[in-house]
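Going by the numbering used here, the sequence shown opens with residue 1008, and the numbers climb by one from there. For each residue, glycine too, the CB sits at the ideal point set by N, CA and C. Remember, predicted model here, so these are calculated numbers, not experimental data. For reference, the structure discussed in these notes is given below.
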Amino acid sequence: MGTALILTAVLALVTYLLLRSGELKAWHVLLVGVLGIFLDRIGWADPVVYAVMWLVQGLTHTTT
């Protein structure tokens, strides 16, 4: 759970910085956010979460 929280915070910070710099438009963020919500509702978010956690654990050599 702690790794997911840190990864979420880092992604939120990167998104904020990209929005602020003008590299990313607000409607892009909203569209991807809505896509994430729909993926979660149909159950496709779990494999993505497991894949990201596997990748992070492999890169940092930690276990949860």
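How many Å lie between residue i and residue j at the Cα?
i, j, result
"L1046", "A1052", "5 Å"
"V949", "L1024", "This structure does not reach residue 949, given that the chain is present from 1008 up to 1071, and the question cannot be answered."
"L1026", "A1033", "7 Å"
"V1009", "A1058", "The amino acid at residue 1009 is misidentified as Val; the sequence shows Gly. C-alpha separation (whole angstroms): 16 Å."
"G1040", "A1019", "11 Å"
Note down, in chain order, each residue of its chain lying with its Cβ closer than 8 Å to the Cβ of residue i, except the 5 sequence neighbours on either side.
i, result
"G1022", "Checking the displayed sequence, the identity of residue 1022 turns out to be Thr instead of Gly. L1031 and V1036, listed in sequence order."
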